[in-house]
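Read through the structure below, which is laid out as structure tokens, and then see the notes.
Here's what the structure looks like:
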């Protein structure tokens with residue numbers, strides 16, 4: 247194996263990076279702080295309260311930080327980050343509603359769709375209005391059987407904006423795989439794509455939708471694309487386009503909640519029994535995602 251270094255950034259380029267700026271800013275604020283990556287890592291481990299507080303400020307997160315960035319408690323299980331903070335994940339992601347491209351979605355059929363940051367915020371605002379009109383609010387679960395596409399991201403952000411909890415799985419899981427996961431969380435709404443394309447195959451998932459929609463908790467099905475005319479589902483179904491039609495784009499009223507508020511439910515693989523729920527919380531998702539993209543990308 248060739249161990250030759252292919253490329254090394256110049257000192258000037260390193261100095262202009264976000265990671266170097268974070269080191270300089272924290273060093274200036276604390277009088278003596280991390281001067282390089284090794285020192286930064288050591289500081290983050292030895293002084294987590296100072297590190298996470300400085301990181302929140304450097305990233306410019308929207309919300310109330312509270313007085314404490316890290317409370318070690320009596321042990322690992324009791325440790326809490328930002329116990330007094332209140333924030334909203336979607337509010338931070340949608341903060342700059344301008345004409346820059348936000349999402350470029352390439353489909354398997356060769357088509358490409360794009361939305362700007364302004365269009366993304368507008369679309370999310372219409373979905374949040376429809377969700378609230380239906381009575382969906384903080385803590386309610388929304389389940390998705392969806393592909394990686396624009397509508398999925400927009401619904402995910404709308405769910406986060408109002409404090410609901412999002413749980414989803416891939417359309418190719420099949421009836422048993424989808425219901426084993428999603429029915430555990432007792433969703434009030436089911437969001438689904440009635441079919442998807444894989445290579446040159448058009449795959450219908452109506453049976454998978456019904457397997458989840460048959461749960462007593464599900465009140466309505468929202469489809470990405472038209473509701474199939476030749477199929478009736480276990481619960482009332484309406485297309486996303488028709489569902490949000492009464493609502494014009496408007497400002498979003500974000501629900502700010504404590505740092506540890508559940509926002510997303512993921513699932514284990516199910517190899518040793520039924521899949522188990524894994525809860526991810528709003529504050530941890532936000533600060534970790536922003537940290538990785540701001541400092542490491």
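Numbering (the working numbering), first residue to last: 247 to 543. Built from N, CA and C at the ideal position, the CB exists for glycine as well.
Would you tell me roughly how many angstroms separate the C-alpha atoms of residue 374 and residue 407, rounded to the nearest one?
Along the chain shown, one-based indexing puts residue 374 at 128. Along the chain shown, one-based indexing puts residue 407 at 161. Rounded to the nearest angstrom, the two C-alpha atoms are 7 Å apart.
Under DSSP, the alpha helix (DSSP H) around residue 513 begins and ends at which residues?
If you number the chain shown from 1, residue 513 lands on position 267. No alpha helix (DSSP H) holds residue 513; the beta strand (DSSP E) holding it covers 508-513.
So residue 405 is in the beta strand (DSSP E); what residue range does that whole segment cover?
If you number the chain shown from 1, residue 405 lands on position 159. Where residue 405 is concerned, there is no enclosing beta strand (DSSP E), although the alpha helix (DSSP H) it sits in stretches over 396-407.
Ordered along the chain, which non-local residues of its own chain (more than five positions away) have a Cβ less than 8 Å from that of residue 365?
For the purposes of this step, residue 365 is taken as the residue at position 119 of the chain shown. Contacts found: 348.
Since residue 361 sits in a beta bridge, which residues does DSSP pair it with?
Translated into positions along the chain shown, residue 361 becomes position 115. Note: residue 361 sits in a beta bridge opposite 349.
Residue range of the beta strand (DSSP E) that includes residue 450:
Position 204 of the chain shown, counting from 1, holds the residue named residue 450. Looking at the DSSP string, the run of the beta strand (DSSP E) that includes residue 450 is 447-450.
In this structure, does DSSP put residue 419 in helix, strand or coil?
For the purposes of this step, residue 419 is taken as the residue at position 173 of the chain shown. Residue 419: helix per DSSP, three-state reduction.
Opposite residue 504 in the DSSP bridges: which residues?
By one-based count along the chain shown, residue 504 stands at place 258. For residue 504, which the question treats as bridged, DSSP gives the partners 332.
Quick check on the DSSP output: what are the complete alpha helix (DSSP H) runs of length 4 or more inside the segment 453-496, in order along the chain?
486-490
Within 10 Å of its beta-carbon, does residue 523 have 16 or more other beta-carbons around it, so buried, or fewer, so exposed?
Residue 523 sits at position 277 when you count from the first residue of the chain shown. It is exposed - the Cβ of residue 523 has fewer than 16 other Cβ atoms within 10 Å.
Could you round the C-beta distance between residue 425 and residue 392 to whole angstroms and report it? I think they count as a contact, below 8 Å.
Position 179 of the chain shown, counted from the start, is the residue given in the question as residue 425. Position 146 of the chain shown, counted from the start, is the residue given in the question as residue 392. Not confirmed; about 15 Å, so no contact.
Considering only residues of the same chain and omitting the five flanking positions on each side of residue 510, which have a CB-CB separation below 6 Å?
In the chain shown, the residue the question calls residue 510 occupies position 264. Contacts found: 412 and 526.
Helix or strand or just coil, what does DSSP make of residue 252?
As a working mapping, residue 252 is identified with position 6 in the chain shown. Correct three-state label for residue 252: coil.
Have a look at residue 489 and residue 500 and give me their C-alpha separation to the nearest angstrom.
As a working note, residue 489 is residue 243 in the chain shown. As a working note, residue 500 is residue 254 in the chain shown. Each residue's Cα considered, the two are about 21 Å apart.
Could you tell me if the beta carbon of residue 452 falls within a distance shorter than 8 Å of some heavy atom in the ligand COA?
This structure does not include the ligand COA; it has no bound ligands of any sort.
Taking C-alpha atoms, which residue in 430, 274, 337 and 316 lies nearest to residue 307?
By 1-based counting over the chain shown, the position of residue 307 is 61. It is 337 whose Cα lies nearest to the Cα of residue 307.
Who does residue 443 pair with in a DSSP beta bridge?
Stepping through the chain shown from its first residue, residue 443 is reached at position 197. Answer is 448.
Reduced DSSP category for residue 310 - H, G, I as helix; E, B as strand; rest coil
Walking along the chain shown from the start, residue 310 turns up at place 64. If DSSP states are grouped into helix, strand and coil, residue 310 belongs with the strands.
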